[in-house]
Amino acid sequence: MTTTTSDTRVYLVGGGIASLAAAVFLIRDAGLHGENIRILEELPVVGGALDGTGDPGRGFVARGGRMLEEEAYVCLWDLLETIPTLTDPDKTVKDEVWEFSRKWSSHAGARLIDRDHKILDAADLGLDLRDKAELVRLLALPEHVIGARRIDEFFSDHFFATNFWAMWRTTFAFQNWHSAIELKRYMLRFAQELPRIHTPAGVRRTRLHQYDSIVRPIQQWLADRGVVTEHGTTVTDADFTGDAVSGRRITALRVVRDGRPGTYELGEHDYAFLTLGSMTADAAYGADDRAPELIRDKRDGAFRLWEAIARKAPDFGRPNTFCGRTPRRHPLRALQHRRGAGHHPGQPQHRCHMGRRRPPGVPGADLVGARGDGRVLRRLRRAAGALGPPGRTSRTGAHGGGLMTGNMTAAPVGGLVATPLSAACADVLAQAEHACIGVGPFNSYFSVGRIRQIAQWAYERFAQVDFFVPDGPSAYTLQALGYPPERAEWKARRQGQ
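With the working numbering applied, the sequence shown closes on residue 497, and no number is skipped along the way.
Structure, rendered in C-alpha cells:
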C-alpha cells in the first residue's frame, strides 16, 4: 500500500484465512486502524475452509484443514507468532503448535495397508526409471507447454500403481484427471516432503482442530483492535474504473444483507480485497438417513461474484474452469464425529466444489475437417505441431469428417480481441466452455501463423476448442460461382491437398 491515512478504509470480501491474515498484516505491518477494516462474510462463522460448526447434540463438523509444515507455510508462521492463544496470553499460537508437535510428532507406522489388511513398506515408493523420468519431465516443462493437459497424460499406468502416487494423491487430494500444472506446483512447493512422505514426519499439528487453534485466536485478536465482521453479507458485484492496461480501481461493492441490496462506496484511499471462489463453496451435509444434496445452482456467493466481475473484465480469468462440470469434480467425504460423550455411529457426509482443479474434458484443441486430408488441415497440423506433440488423425469417408486432436499449449499472445455482440454472448464468453472456429479453405487470411495465433488465443481462454474446416462442402460454393461439378470437386480436393 502506497498511501496510508487515518481515513483509509479496507473491505475484505470473505471471512476465510486469507482475509483474516490480511487484516492482521494491515494492522501490524501497514499501521491501519482496526476500526477502519471491515470483513464481509455471508456465513455465520468465519474461517472459510477452516470453519467449525455444530454442538454436542448435533455433532461437530469442520469442513477443511491444512497439512501444516515448516518450510511451505512461512507466511502462516509469521502471522501466528503475532497471535496469542486463547488460554495463555503470553504464548503465541505458533509456539503452541510447535510445542504440541514436538511432544506429539507425526510418524505413521502403517501409512499404507493393502486389501488383505497387511501393512506395506511405504518407504519403498515403487518408482521405476521410467516413472522418475516422467516426473522430471513434468517438473522441467514450462507451464505454457503443459497447458491444460491432465496428470494421466504425462504418466504410464505403472506410475499410478506405485506407493508414491497412493500417498501423494491422498495427502494432497489429487485425481488422475486433475491438472498436470497443479501437480507440478504442488511437487515444487512440497518437494521437501518426498523423503518423509511415508511417515509423514514433517507435519505440524495443532493442539485442537484448526478452527479453535488458529481461526478463533485470530478472530479475537482482530476484534480486540476494532475490526468489524459483518455476517450474513453477500458481495454480489464490484464496480471498477480503468482497465487492465492503465490499472483498475474498485469504486463500489454491491452487497445483499438480510435480503436487501446495499452498496459500499470506496474513496480514493480505500481498498478492497476480494476472495474469489472457494473449495468449500456450496458444501452440503447429509445424515444417517439421507445423502448430502448436490448443489448445482451456485447458492454460495464466492463463484457468483467471480463470474460477475469476469463478465466485465475477461482478464479476471475463467471461473467456470473451477466451478463447472459439477458431477465429476465434487468430492464426497465421510466424517465421523461425536455427540456429547458417546461415539456417533453414523457418518455424516458433505459435498463441495473444489475450487482449485481444472474441470475434465478435451485437454487440447480438436481440429475437425469435412474431409480427412487437405491443405488447410495440413496448416492446422503444422500449427498444432509447433504448439505441442502430434495428434491423432482419423478419416471417415468422402464427406464424413476428419478429427485431429492435439495438445495445443500456448504462450501468451496479443492482437486478437473478442467483442460480444450481446449480453448473452458476453455471458457465454465469460463461461469459456467451448470455442468453435471456422476456417475458410480458400481464404488466404488463414496462414499457418494466423491459425497458430488463433489457436493460442482460443486455447488460453476456453476449456475446449474446435476448428471446423469445410473443405469438402466448399465444392458446392464453387459450383455456385459457375464451376462445373467435376471441376469444382477437383479444385476443392486440390485445395484440401
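The beta-carbon is built from N, C-alpha and C at its ideal position, and this holds for glycine as well. These figures come from a predicted structure and were not determined experimentally.
Residue-level contact to chain B via CB, residue i, 9 Å cutoff
{"i": "F468", "result": "Among the protein chains of the structure shown there is no chain B, as only one such chain exists."}
Top-ranked residue by Cα proximity to residue i, from the options
{"i": "A123", "options": "G482, H178, H198 and W77", "result": "H198"}
{"i": "H269", "options": "T263, L112 and R249", "result": "R249"}
{"i": "Q456", "options": "Q479, I437 and F442", "result": "I437"}
{"i": "G262", "options": "F468, V235, L79 and V136", "result": "V235"}
{"i": "I499", "options": "L26, D29, L32 and L20", "result": "For residue 499 there is no data in the structure shown, the boundaries of the chain being 1 and 497."}
{"i": "I151", "options": "P142, H178 and V145", "result": "H178"}
{"i": "A238", "options": "T251, T162 and A244", "result": "T251"}
{"i": "G232", "options": "G259, W306 and L138", "result": "G259"}
{"i": "Y186", "options": "R299, Q220, P44 and L138", "result": "L138"}
{"i": "R225", "options": "H158, Q464 and G34", "result": "G34"}
{"i": "A214", "options": "C425, K312, G16 and F160", "result": "Contrary to the premise, residue 214 reads as Ile rather than Ala in this sequence. Per the Cα distances, G16."}
{"i": "A475", "options": "E460, V61 and A492", "result": "A492"}
{"i": "F100", "options": "G242, L208 and R257", "result": "L208"}
{"i": "K132", "options": "V74, H158 and Q464", "result": "H158"}
{"i": "F240", "options": "Q479, Y264, L141 and A49", "result": "Y264"}
{"i": "L86", "options": "G54, I218 and L276", "result": "I218"}
{"i": "Q210", "options": "V97, H117 and F322", "result": "V97"}
{"i": "L253", "options": "L266, C323 and G242", "result": "L266"}
{"i": "A313", "options": "D297, Q220 and V417", "result": "V417"}
{"i": "R299", "options": "D288, A284 and R290", "result": "A284"}
{"i": "H107", "options": "E81, E460, R204 and F172", "result": "R204"}
Element boundaries [beta strand (DSSP E), containing residue i]
{"i": "G11", "result": "Note on identity: in this sequence residue 11 is Tyr, with Gly being the wrong assignment. Where Y11 is concerned, the enclosing beta strand (DSSP E) stretches over V10 to V13."}
{"i": "F273", "result": "Y271 to L274"}
{"i": "F240", "result": "T233 to T241"}
{"i": "P261", "result": "R260 to E265"}
{"i": "Y285", "result": "A281 to Y285"}
{"i": "I39", "result": "I37 to E41"}
{"i": "T206", "result": "Where T206 is concerned, there is no enclosing beta strand (DSSP E), given that its DSSP letter is neither H nor E."}
{"i": "A435", "result": "H434 to G438"}
{"i": "D55", "result": "G52 to D55"}
Residue range of the alpha helix (DSSP H) that includes residue i
{"i": "G449", "result": "V448 to R461"}
{"i": "R189", "result": "A180 to R189"}
{"i": "R169", "result": "N163 to F172"}
{"i": "A308", "result": "G301 to K312"}
{"i": "A424", "result": "A423 to Q431"}
{"i": "L253", "result": "Note, L253: premise wrong, no alpha helix (DSSP H); beta strand (DSSP E) at R249 to R257."}
{"i": "R28", "result": "I17 to R28"}
{"i": "Q219", "result": "R216 to D224"}
{"i": "N320", "result": "N320 to C323"}
{"i": "E143", "result": "E143 to I146"}
{"i": "L478", "result": "S474 to A480"}
{"i": "D157", "result": "D157 to F160"}
Exposure of residue i, with buried meaning 16 or more beta-carbon neighbours within 10 Å
{"i": "V368", "result": "Interpretation of V368 is limited by its pLDDT of 38, a score under 50 that renders its predicted location unreliable; the figure taken from the coordinates is listed afterwards. The residue in question, V368, is buried, as its Cβ has 16 or more Cβ neighbours within 10 Å."}
{"i": "S105", "result": "exposed"}
{"i": "Y156", "result": "Just to set this straight, residue 156 is Ser in the shown sequence, not Tyr. It is exposed - the Cβ of S156 has fewer than 16 other Cβ atoms within 10 Å."}
{"i": "V228", "result": "exposed"}
{"i": "G57", "result": "exposed"}
{"i": "R216", "result": "buried"}
{"i": "S246", "result": "exposed"}
{"i": "R452", "result": "buried"}
{"i": "Y445", "result": "exposed"}
{"i": "D315", "result": "exposed"}
{"i": "R381", "result": "Note that R381 has pLDDT 49, beneath the 50 cutoff, so the model's placement of it is unreliable and no number is given."}
{"i": "R318", "result": "buried"}
{"i": "N36", "result": "buried"}
{"i": "S278", "result": "buried"}
{"i": "V376", "result": "Low local confidence applies: a pLDDT of 49 at V376 is under 50, so the model's placement there is unreliable, with the coordinate-based value given in what follows. V376 is buried by the Cβ-count criterion."}
{"i": "C75", "result": "exposed"}
{"i": "R338", "result": "Bear in mind that the predicted position of R338 carries a pLDDT of just 40, short of 50, making it unreliable; the figure below should be weighed with that in mind. Exposed: under 16 other Cβ atoms inside 10 Å."}
{"i": "I83", "result": "buried"}
{"i": "E293", "result": "exposed"}
{"i": "K184", "result": "buried"}
{"i": "A432", "result": "buried"}
{"i": "I523", "result": "The first residue shown for the chain is 1 and the last is 497, placing residue 523 beyond what the model contains."}
{"i": "L478", "result": "buried"}
{"i": "G301", "result": "buried"}
{"i": "N320", "result": "buried"}
{"i": "E193", "result": "buried"}
{"i": "L481", "result": "exposed"}
{"i": "L129", "result": "exposed"}
{"i": "E71", "result": "exposed"}
Self-check item: Stretch pair the segment 270–282 + the segment 9–16: three plus CB contacts closer than 8 Å
Solution: With the rule of 3 Cβ pairs closer than 8 Å, the segment 270–282 counts as touching the segment 9–16.
Quiz prompt | the segment 198–214 in contact with the segment 102–120 per 3-pair CB rule at 8 Å | solution = Taking 8 Å as the limit for Cβ pairs, the verdict is that the segment 102–120 does touch the segment 198–214.
Quiz item: Three or more C-beta pairs closer than 8 Å, one from the segment 93–100 and one from the segment 123–139: is that the case here?
Solution: A contact between stretches requires three or more CB pairs, one per stretch, nearer than 8 Å, and the segment 93–100 fails this requirement with the segment 123–139.
Exercise. At 4 residues or longer, and completely inside the segment 63–128: list those alpha helix (DSSP H) runs for me, N to C.
Key: List check, alpha helix (DSSP H) in window: 74–80 and 93–103.
Quiz item: With contact counted as at least three CB pairs below 8 Å, one residue from each stretch, are the segment 422–434 and the segment 298–313 in contact?
Solution: Yes, the segment 422–434 touches the segment 298–313.
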